[in-house]
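Everything in the sequence shown is counted per our numbering, starting at -17 for the first residue and increasing by one. Glycine is no exception: its CB is placed at the ideal position from the N, C-alpha and C atoms. To start, the structure itself, in structure tokens.
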Amino acid sequence: MVGTGTIHSPCSRWWTGRPGPAAGRTLVCLPYAGGGPQTYQGWETSLPAATSVLAVTPPGRGRRFAEPLCRDIPSLVEPLARELAAALDGPYTLFGHSLGATVAFELCREVRRIGFRPPASLVVSGRQAPDLPWTERPISGLPDADFTDALRDLGGTPEAVFGQPELMGLLMPSLRADFAIVESYRYLDEAPLDVPILALAGTRDQRATEDRMSGWARQTSASFTLRTVDGGHFFVDTEPVCVTGLLSAAL
């Protein structure tokens, strides 16, 4: 399965896009809670030449709708690490926003456990350092009406979606599963990663402030850089040109 840089059918379900060749580079993008590969659509045009974007599609979403949902990080990163190890020939960078940042971090740790080569860099966006306590109230088990209200308060879900009960009914299980991952996550102390970390913080993000993002420095024995993006928590959606510009410098 390794050697050509092409997606083979057993692992293509995990992402949209094609891994870069050995001489190129690949950006592996992990979605935020409730997000999907559509967030990263079109990013390749703003990144350096010979950069491929793999936008991860977790089980239970999109074309994987019929697959069982993941409700904890190990059930997501363990198979994904193996799929990446089988598919990637060249250098790669891991990027994740919000929940995706935590997943990208734990994926980087899992890659180390299985002995695959580490990413050239880890880019974490809109997520406090993983060793800080999570203080937000749990919402994954709320009744539907309360859960919907909580989603509205968090932002990131188009208002038009809330006005379509059938669509909300389809999305509710995966949304609950994503927040179950957030709420069940427990940081375990391990040796710092020998991987450069770039952290991106929104200037108006009250949940992942610069101060809380600066703690990512504890997770690497290599270089650490913190950059800000003008915007709130979902700056990855509102400021894609700025984000891809910062990513370009890290690739």
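(message) On the DSSP letters alone, give me the boundaries of the beta strand (DSSP E) that V38 sits inside.
(response) 33 to 38
(message) Am I right that G6 and S34 are in contact with their C-beta atoms under 8 Å? What's the rounded C-beta distance?
(response) 6 Å
(request) Name the two residues that bound the continuous beta strand (DSSP E) containing L104. (result) 103 to 107
(message) Can you list, in chain order, the residues of its chain with a C-beta nearer than 6 Å to that of L157? Leave out the 5 residues immediately preceding and following it.
(response) G16
(message) Going residue by residue through the segment 156 to 233, where are the continuous alpha helix (DSSP H) segments of at least 4 residues, counting only ones entirely within it?
(response) 192 to 196, 217 to 220, 222 to 232
(request) Could you pull out every residue in the same chain whose Cβ sits closer than 7 Å to the Cβ of E165, ignoring the five residues on either side in sequence? (result) P120, S122
(request) Please state if the CB of V59 and the CB of W(-3) are separated by a distance shorter than 7 Å. (result) no
(request) Assign C90 to one of three DSSP states: helix, strand, or coil. (result) helix
(request) Could you spell out the range, first to last residue, of the alpha helix (DSSP H) harbouring L133? (result) 126 to 136
(request) Could you name the residues that DSSP lists as bridge partners for D(-3)? (result) Per the sequence shown, residue -3 should be read as Trp rather than Asp. Bridge partners of W(-3): V38.
(message) Looking at D240: is its Cβ nearer than 7 Å to the Cβ of T185?
(response) Here the chain covers residues -17 to 233 and nothing more, so residue 240 does not appear.
(request) Quick one: grab the DSSP three-state call for Y22. (result) helix
(request) Please report how far the alpha carbon of V(-16) lies from the alpha carbon of P125, in whole angstroms. (result) With a pLDDT of 32 at V(-16), under the threshold of 50, the predicted position of this residue should be treated as unreliable, though the coordinate-derived value follows. Taking the straight line joining both Cα atoms gives about 46 Å.
(request) Determine, using beta carbons only, whether H215 and G108 come nearer to each other than 7 Å. (result) yes
(message) Give me the DSSP bridge partner(s) of V10.
(response) L36, L76
(request) Compare the C-alpha of A69 against each of E141, V85, G2 and name the closest. (result) G2
(message) Using a 10 Å radius around the Cβ and a threshold of 16 neighbouring Cβ atoms, would you call S103 buried or exposed?
(response) buried
(request) Give a yes or no on contact between the segment 166 to 173 and the segment 185 to 199, applying the rule of three or more CB pairs nearer than 8 Å. (result) no
(request) Look up P147 in the DSSP assignment and say whether it is helix, strand or coil. (result) helix
(message) Just to confirm my understanding: we take P19, look at its own chain, exclude 5 residues before and 5 after, and list those with CB closer than 6 Å. What are they?
(response) T(-2), A37, T39
(request) Would you mind sorting S(-9) into buried or exposed? The rule is 16 or more other CB atoms within 10 Å of its CB. (result) Note that S(-9) has pLDDT 36, beneath the 50 cutoff, so the model's placement of it is unreliable and no number is given.
(request) Starting from the Cα of A63, find the closest Cα among I96, G42, P41 and give me that residue. (result) I96
(message) Looking only at its chain, what residues have a beta carbon closer than 8 Å to the beta carbon of L233, apart from the 5 residues adjacent to it on each side?
(response) R7, L9, L29, P30, T33, T75, A102, S103
(request) Inspect the beta-carbon positions of P41 and C52 and report whether they are closer than 7 Å. (result) yes
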